[in-house]
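*Asks:* Below is the structure I would like to discuss, written out as structure tokens.
Number of protein chains: 2
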Amino acid sequence: MITRLSTYFVRTLRQDPADAEVPSHKWLVRAGYIRRVAPGLYTWLPLGLRVMKRIEQIVREEMDAIGSFEVRFPSLLPREPYELSHRWEDYGDTLFRLQDRKHADYLLGPTHEEFFTLLVKDLYSSYKDLPLILYQIQTKYRDEARPRAGLLRCREFVMKDAYTFDVDDDGLLQGYLAERGAYIKIFDRLGLEYVIVNAMSGAMGGSRSEEFLAIAENGEDTFVRSAGGFAANAEAVRFPLADPVDWADTPAIQVIDTPNTGTIGELVAVANERFPRGDRCWGAADTLKNVVFMLRHPGGASEPLIVGLPGDREVDLRRLAAAVEPAVAEPFTEVDFAAYPQLAKGYIGPVSLSGGSAEQVLGAEAGYRIRYLTDPRVGDGTRWVTGANSKGQHQLNVVAGRDFRSDGVIDVAEIRQGDPAPDGSGPLSLARGIEIGHIFQLGRKYAEALGLQVLDQNGKLVTVTMGSYGIGVSRLVATIAEISCHDKGLAWPRNVAPFDVHIVAAGKDGEVSAAAEDLAAQLDAASVEVLLDDRKASPGVKFADAELLGVPTTVVIGRGLAKGVVELRDRASGEIAEIPVAEAAERLVALVRG
Amino acid sequence: MITRLSTYFVRTLRQDPADAEVPSHKWLVRAGYIRRVAPGLYTWLPLGLRVMKRIEQIVREEMDAIGSFEVRFPSLLPREPYELSHRWEDYGDTLFRLQDRKHADYLLGPTHEEFFTLLVKDLYSSYKDLPLILYQIQTKYRDEARPRAGLLRCREFVMKDAYTFDVDDDGLLQGYLAERGAYIKIFDRLGLEYVIVNAMSGAMGGSRSEEFLAIAENGEDTFVRSAGGFAANAEAVRFPLADPVDWADTPAIQVIDTPNTGTIGELVAVANERFPRGDRCWGAADTLKNVVFMLRHPGGASEPLIVGLPGDREVDLRRLAAAVEPAVAEPFTEVDFAAYPQLAKGYIGPVSLSGGSAEQVLGAEAGYRIRYLTDPRVGDGTRWVTGANSKGQHQLNVVAGRDFRSDGVIDVAEIRQGDPAPDGSGPLSLARGIEIGHIFQLGRKYAEALGLQVLDQNGKLVTVTMGSYGIGVSRLVATIAEISCHDKGLAWPRNVAPFDVHIVAAGKDGEVSAAAEDLAAQLDAASVEVLLDDRKASPGVKFADAELLGVPTTVVIGRGLAKGVVELRDRASGEIAEIPVAEAAERLVALVRG
Numbered sequence: 013m014i015t016r017l018s019t020y021f022v023r024t025l026r027q028d029p030a031d032a033e034v035p036s037h038k039w040l041v042r043a044g045y046i047r048r049v050a051p052g053l054y055t056w057l058p059l060g061l062r063v064m065k066r067i068e069q070i071v072r073e074e075m076d077a078i079g080s081f082e083v084r085f086p087s088l089l090p091r092e093p094y095e096l097s098h099r100w101e102d103y104g105d106t107l108f109r110l111q112d113r114k115h116a117d118y119l120l121g122p123t124h125e126e127f128f129t130l131l132v133k134d135l136y137s138s139y140k141d142l143p144l145i146l147y148q149i150q151t152k153y154r155d156e157a158r159p160r161a162g163l164l165r166c167r168e169f170v171m172k173d174a175y176t177f178d179v180d181d182d183g184l185l186q187g188y189l190a191e192r193g194a195y196i197k198i199f200d201r202l203g204l205e206y207v208i209v210n211a212m213s214g215a216m217g218g219s220r221s222e223e224f225l226a227i228a229e230n231g232e233d234t235f236v237r238s239a240g241g242f243a244a245n246a247e248a249v250r251f252p253l254a255d256p257v258d259w260a261d262t263p264a265i266q267v268i269d270t271p272n273t274g275t276i277g278e279l280v281a282v283a284n285e286r287f288p289r290g291d292r293c294w295g296a297a298d299t300l301k302n303v304v305f306m307l308r309h310p311g312g313a314s315e316p317l318i319v320g321l322p323g324d325r326e327v328d329l330r331r332l333a334a335a336v337e338p339a340v341a342e343p344f345t346e347v348d349f350a351a352y353p354q355l356a357k358g359y360i361g362p363v364s365l366s367g368g369s370a371e372q373v374l375g376a377e378a379g380y381r382i383r384y385l386t387d388p389r390v391g392d393g394t395r396w397v398t399g400a401n402s403k404g405q406h407q408l409n410v411v412a413g414r415d416f417r418s419d420g421v422i423d424v425a426e427i428r429q430g431d432p433a434p435d436g437s438g439p440l441s442l443a444r445g446i447e448i449g450h451i452f453q454l455g456r457k458y459a460e461a462l463g464l465q466v467l468d469q470n471g472k473l474v475t476v477t478m479g480s481y482g483i484g485v486s487r488l489v490a491t492i493a494e495i496s497c498h499d500k501g502l503a504w505p506r507n508v509a510p511f512d513v514h515i516v517a518a519g520k521d522g523e524v525s526a527a528a529e530d531l532a533a534q535l536d537a538a539s540v541e542v543l544l545d546d547r548k549a550s551p552g553v554k555f556a557d558a559e560l561l562g563v564p565t566t567v568v569i570g571r572g573l574a575k576g577v578v579e580l581r582d583r584a585s586g587e588i589a590e591i592p593v594a595e596a597a598e599r600l601v602a603l604v605r606g
Numbered sequence: 013m014i015t016r017l018s019t020y021f022v023r024t025l026r027q028d029p030a031d032a033e034v035p036s037h038k039w040l041v042r043a044g045y046i047r048r049v050a051p052g053l054y055t056w057l058p059l060g061l062r063v064m065k066r067i068e069q070i071v072r073e074e075m076d077a078i079g080s081f082e083v084r085f086p087s088l089l090p091r092e093p094y095e096l097s098h099r100w101e102d103y104g105d106t107l108f109r110l111q112d113r114k115h116a117d118y119l120l121g122p123t124h125e126e127f128f129t130l131l132v133k134d135l136y137s138s139y140k141d142l143p144l145i146l147y148q149i150q151t152k153y154r155d156e157a158r159p160r161a162g163l164l165r166c167r168e169f170v171m172k173d174a175y176t177f178d179v180d181d182d183g184l185l186q187g188y189l190a191e192r193g194a195y196i197k198i199f200d201r202l203g204l205e206y207v208i209v210n211a212m213s214g215a216m217g218g219s220r221s222e223e224f225l226a227i228a229e230n231g232e233d234t235f236v237r238s239a240g241g242f243a244a245n246a247e248a249v250r251f252p253l254a255d256p257v258d259w260a261d262t263p264a265i266q267v268i269d270t271p272n273t274g275t276i277g278e279l280v281a282v283a284n285e286r287f288p289r290g291d292r293c294w295g296a297a298d299t300l301k302n303v304v305f306m307l308r309h310p311g312g313a314s315e316p317l318i319v320g321l322p323g324d325r326e327v328d329l330r331r332l333a334a335a336v337e338p339a340v341a342e343p344f345t346e347v348d349f350a351a352y353p354q355l356a357k358g359y360i361g362p363v364s365l366s367g368g369s370a371e372q373v374l375g376a377e378a379g380y381r382i383r384y385l386t387d388p389r390v391g392d393g394t395r396w397v398t399g400a401n402s403k404g405q406h407q408l409n410v411v412a413g414r415d416f417r418s419d420g421v422i423d424v425a426e427i428r429q430g431d432p433a434p435d436g437s438g439p440l441s442l443a444r445g446i447e448i449g450h451i452f453q454l455g456r457k458y459a460e461a462l463g464l465q466v467l468d469q470n471g472k473l474v475t476v477t478m479g480s481y482g483i484g485v486s487r488l489v490a491t492i493a494e495i496s497c498h499d500k501g502l503a504w505p506r507n508v509a510p511f512d513v514h515i516v517a518a519g520k521d522g523e524v525s526a527a528a529e530d531l532a533a534q535l536d537a538a539s540v541e542v543l544l545d546d547r548k549a550s551p552g553v554k555f556a557d558a559e560l561l562g563v564p565t566t567v568v569i570g571r572g573l574a575k576g577v578v579e580l581r582d583r584a585s586g587e588i589a590e591i592p593v594a595e596a597a598e599r600l601v602a603l604v605r606g
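Those protein sequences? They're chains A and B, same order as listed.
For the first sequence, the working numbering assigns the number 13 to the initial residue and increments by one for each residue that follows.
For the second sequence, the working numbering assigns the number 13 to the initial residue and increments by one for each residue that follows.
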């Protein structure tokens with residue numbers, strides 16, 4: 013079927029949408045692919061839907077190729093199974109909850125681990141039934157705190173979620189690798205440049221987990237790589253705890269007056285000026301910065317959390333968020349400080365506070381407990397300049413393990429270009445990416461919570477082990493747009509383009525229009541998807557729209573016709589070639605079929 | 013791809029599901045097509061999803077063929093536009109409502125009139141942009157009071173909803189007819205026997221409206237037809253008001269004592285025994301029965317409603333529900349009677365109550381007003397035996413128009429086989445059907461509520477007129493199953509079957525299995541969708557499952573193989589034919605391609 017722009021439901025816009033933060037968002041709206049309904053909720057217009065369906069089809073083919081079976085669960089789900097898995101609570105505000113007319117609790121599914129588990133429990137009972145891989149391509153819901161970037165962070169979105177079911181760990185690994193292989197094929201077919209990095213498994217639980225990140229400047233995720241092969245989402249990097257250092261020669265704590273040292277830089281300057289150390293100057297890395305957050309737990313409980321880290325690094329809020337999930341870390345406000353007067357704002361330190369020992373203030377013996385976690389660089393024996401927990405005072409020569417002890421390690425400091433990889437494989441480089449796929453070894457968490465067991469070879473009940481595998485299908489539309497777009501609009505790779513060829517009839521005379529119609533008909537007969545710009549508009553308007561819409565190949569039929577030629581424009585490279593009109597159909601069919 | 017039952021995700025069940033009321037529900041669950049998650053919420057298993065996708069594809073092709081464009085709206089929608097159309101309130105408890113984390117109101121879309129209207133308003137501005145037809149195939153939500161019959165009345169379901177946009181009434185008619193024509197093609201391709209009947213437009217508003225009903229014994233809807241061409245949903249039939257009758261010779265009202273006449277039958281017997289009329293016996297049709305309901309309005313207000321109708325007919329509760337929508341009519345309880353002591357239960361009548369006139373009790377002059385609506389048969393001058401509004405008393409010779417006046421007509425009496433068609437086209441026959449499609453001329457209701465206007469040829473703003481057109485896609489799966497199933501399971505028409513051919517390898521020896529594999533491979537190569545029963549199960553189990561699953565053609569490869577033949581079984585007719593194994597592939601390909 014030839015699609016004609018004169019009647020097609022598309023309107024290109026000249027203005028950028030006010031809320032567009034990234035190019036994909038801007039171009040998808042301006043080119044008439046999507047339209048906003050409410051924050052994080054978009055309508056798919058015909059062009060956008062065509063792209064999404066092509067992506068869906070590639071995902072489906074590769075899922076089917078590894079022998080998995082497609083099902084479809086409701087999006088509206090009863091509460092009970094999510095209660096058993098604790099996700100009803102753990103998801104916090106991100107879960108859309110509602111009640112039906114009988115006041116029974118329901119939710120809009122964010123992912124379907126619970127119901128897949130129950131379905132297999134319902135129908136399967138023996139090891140002979142396994143392995144099994146099920147998947148669905150379905151609408152999902154998350155009440156994001158900050159929906160943004162168009163389709164990149166939505167509240168309603170399309171996801172492929174797959175689940176493997178196995179009797180043992182080796183089976184789980186095989187299923188995991190099968191999905192991993194399928195993902196590689198899918199993202200390769202989509203023409204994406206991506207990395208596979210180690211990931212946190214977040215609220216899902218489970219053990220091994222990797223993310224597929226499309227490399228993109230505007231990506232929300234930061235990942236790190238080393239030349240030696242280390243690759244991980246910044247959220248998931250765990251540096252080893254520093255080896256213990258002998259503190260025998262470290263002098264005792266010295267309290268120093270440091271009024272007006274609001275910043276680490278001022279503190280370091282004062283230390284160097286008034287309390288010089290013999291061997292070298294004090295640096296920001298010698299200070300132990302203690303940052304307080306208020307942790308909000310899913311059940312509603314709150315508690316302060318102090319993070320101690322070298323003063324030359326900031327807390328990376330995304331790493332912190334991942335580390336404390338399902339709790340949420342919020343800034344510690346003036347109101348919070350007022351409620352915890354033992355915390356001297358700007359002078360917090362682990363050792364003493366109001367003259368007491370660290371244990372009294374921060375330990376379990378106190379009437380309440382403030383959790384104090386430290387960066388892995390704060391190893392036993394390390395020596396620090398840090399707050400004295402008294403306004404205008406700091407302490408020198410505070411030694412970890414000698415003068416204080418933290419409640420554990422928290423690895424949430426910013427990572428820098430050149431930091432050594434945790435596995436010793438060389439310096440790290442940082443880049444940004446968009447999460448397009450995520451694969452997890454869930455293990456037995458959901459099977460245990462929901463009682464999914466099968467009989468093994470010996471007639472004994474064993475708990476099934478599961479994996480969970482997601483691809484953001486609607487997000488892929490934006491990701492591909494983001495990576496491939498040019499300065500004048502979209503530029504789709506051939507595999508996902510809404511049309512194969514965009515024919516521009518550039519000129520008013522009947523011959524141009526007849527030649528355009530003729531070429532369109534020839535291509536259509538060869539099953540090439542044609543978009544024909546048959547509007548009564550100027551060539552300039554048509555060219556601009558062709559660039560905006562981003563079909564991979566544009567054919568311009570215009571002045572050249574008199575000489576028997578038409579113009580082929582390659583959207584991605586910008587290259588223009590003149591070819592004889594008589595050969596156009598054949599050349600285009602060959603081009604499209606690759 | 014060959015699908016093998018040895019690994020396919022399907023388990024057939026021997027037991028009927030406890031809640032199955034209709035065959036389609038029973039067989040779809042037992043054959044492993046769907047699985048219940050909660051009331052009115054089902055999971056599509058691989059077999060069910062295959063059938064639904066085939067139906068979707070047929071719907072999509074016919075929608076595209078009339079030049080309509082596919083879009084997809086979110087299911088999660090903000091409240092405001094539904095507020096402007098009054099549907100936020102009018103939908104009552106049937107609308108799923110929820111709040112996001114910022115306490116903003118949202119709903120799960122039951123249909124999308126509002127948002128389609130806003131989308132066109134957003135992008136279009138001129139009569140030159142019209143006509144336009146848009147559609148989507150999308151998940152919808154209704155919090156049904158009584159979800160039932162499996163997929164026939166669900167709370168989450170898949171619907172195709174289309175909308176036409178035109179500048180004038182003639183355009184609307186053309187769009188309506190285009191959709192109507194597409195529906196006929198769709199339902200014909202699906203092999204359904206159906207009727208097109210006049211329908212109520214319900215909460216949608218609008219004028220002309222027709223329903224497509226698949227003829228089915230277990231259908232929820234009743235429709236009527238006459239030999240002369242009248243056809244309507246029973247809910248939508250409107251009989252003409254009876255012509256006025258001269259009452260000059262009718263005697264005055266006579267109050268009669270009628271203790272213990274709890275039924276119309278008893279009342280008629282007493283009347284004939286003690287107050288015989290000269291010309292003939294009293295019959296039930298001479299009595300005016302007055303039935304009270306409590307009307308609950310969407311806003312929460314309630315009021316009694318009295319329906320007066322000939323005593324030989326019952327109120328049809330579905331007709332009543334349709335007539336009072338968006339209000340809901342509930343039975344009048346003892347508590348309600350206690351609150352309205354002027355209504356003498358069992359003796360309600362329009363004329364007098366506690367000695368007062370009808371106007372005093374039922375009219376606007378009273379402190380409160382009880383609405384009294386009458387059947388169209390209660391025309392001016394008709395003479396009735398009815399309640400005296402006093403316990404144990406009735407009245408004879410009550411004449412409509414002389415002794416009382418109703419507040420209007422309500423046509424909710426049961427319709428009977430043989431009743432005359434309202435248009436005089438002959439006696440009516442009744443049958444049952446399942447609503448599979450509904451087409452409406454909405455007119456300007458939504459465009460006015462949401463301000464959708466375009467400039468006409470003269471540069472004047474005109475309000476757009478719209479139509480709305482629905483097909484229950486997931487319901488069609490059940491409807492086709494319901495109509496085509498046999499006593500041992502499903503029996504799909506070829507156009508929607510999950511597979512084209514079901515090969516049963518009946519026998520353990522290697523030759524049987526090799527022949528089955530070989531045939532499957534030949535068919536697969538010819539793009540025939542093959543389900544191969546390669547399980548280690550007895551032929552009996554395999555035959556039973558083949559009947560349950562309902563693939564149109566089963567090929568049995570078994571004992572006949574020694575003679576070089578295989579068995580072809582036609583699921584619908586039950587016919588069995590032996591054909592040479594060498595010809596099997598060719599014959600089957602021809603059969604499938606029809």
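Ideal Cβ positions, reconstructed from N, Cα and C, are used throughout, including at glycine.
1. What is the rounded straight-line gap between the Cα of B:A32 and the Cα of A:L603?
2. Would you kindly report the start and end of the unbroken beta strand (DSSP E) that includes B:Q111?
3. Can you give me the Cβ contacts of B:D435 inside the same chain, cut-off strictly under 7 Å, excluding the 5 residues immediately before and after it?
4. Please specify which runs of the beta strand (DSSP E), each continuous and at least 3 residues long, are wholly inside the region 476–520 of chain A, giving them in chain order.
5. Identify every residue that forms a DSSP beta bridge with B:S402.
6. Note down the Cα distance separating B:I515 from B:L40, rounded to an integer number of angstroms.
7. Run through the region 158–219 of chain A for me and flag every whole alpha helix (DSSP H) of 4 or more residues, listed as ranges in chain order.
8. Our contact map puts B:T299 next to B:G404 with C-beta atoms below 8 Å; I'd like the distance itself, whole angstroms only.
9. Would you identify the three-state DSSP class for B:I145, choosing helix, strand or coil?
10. For B:G311 and B:T345, I'd like the C-alpha separation in whole angstroms.
11. Once DSSP output is grouped into helix, strand and coil, what is the label at A:F128?
12. Near B:K133, which residues of its chain fall below 7 Å by C-beta distance, leaving aside the five closest residues on each side in sequence?
13. Using a Cβ cut-off of 7 Å (strictly closer), state whether A:V50 contacts chain B.
14. In chain order, what are the residue ranges of uninterrupted beta strand (DSSP E) at least 3 long that sit wholly in the region 33–91 of chain A?
15. Does the count of Cβ pairs from the region 563–570 of chain B and the region 512–527 of chain B closer than 8 Å reach three?
16. Hey, does A:T123 have any beta-carbon neighbour from chain B nearer than 7 Å?
17. Who are the Cβ neighbours of A:K197 in its own chain at under 7 Å, not counting the five residues just before and after it?
*Replies:* A quick look at the data gives this:
1. Counted from its first residue, the second sequence places residue 32 of chain B at position 20. Counted from its first residue, the first sequence places residue 603 of chain A at position 591. Those two C-alpha atoms are separated by around 55 Å.
2. Counting from one through the second sequence, the residue named residue 111 of chain B turns up at place 99. Segment F108 to Q111, the beta strand (DSSP E) holding B:Q111.
3. Residue 435 of chain B sits at position 423 when you count from the first residue of the second sequence. Counting only Cβ-Cβ distances below 7 Å, and skipping sequence neighbours, we find F242.
4. 477–484 and 513–517
5. For this step, residue 402 of chain B is matched to residue 390 along the second sequence. Answer is B:Q405.
6. Locating residue 515 of chain B in the second sequence gives position 503, counting from the first residue. Locating residue 40 of chain B in the second sequence gives position 28, counting from the first residue. About 21 Å.
7. 181–201
8. Here residue 299 of chain B corresponds to residue number 287 of the second sequence, with the count starting at 1. Here residue 404 of chain B corresponds to residue number 392 of the second sequence, with the count starting at 1. B:T299 to B:G404, Cβ: 16 Å. No contact.
9. Locating residue 145 of chain B in the second sequence gives position 133, counting from the first residue. Here B:I145 sits in strand by DSSP.
10. For the purposes of this step, residue 311 of chain B is identified with residue 299 of the second sequence, where counting begins at 1. For the purposes of this step, residue 345 of chain B is identified with residue 333 of the second sequence, where counting begins at 1. Roughly 21 Å separates the two Cα atoms.
11. Translated into the one-based positions of the first sequence, residue 128 of chain A becomes position 116. Helix.
12. Counting from 1 along the second sequence, the entry for residue 133 of chain B is found at position 121. Contacts found: L462, G463 and L464.
13. Along the first sequence, one-based indexing puts residue 50 of chain A at 38. Looking at the sequence shown, residue 50 of chain A is not Val but Ala. Answer yes: the Cβ-Cβ gap between A:A50 and chain B drops below 7 Å somewhere.
14. 46–50, 53–56 and 88–90
15. yes
16. Translated into the one-based positions of the first sequence, residue 123 of chain A becomes position 111. It does not; no Cβ of chain B falls within 7 Å.
17. Sequence index remark: in the first sequence, residue 197 of chain A carries index 185 (1-based). Cβ neighbours of A:K197 beyond the five flanking positions: E74.
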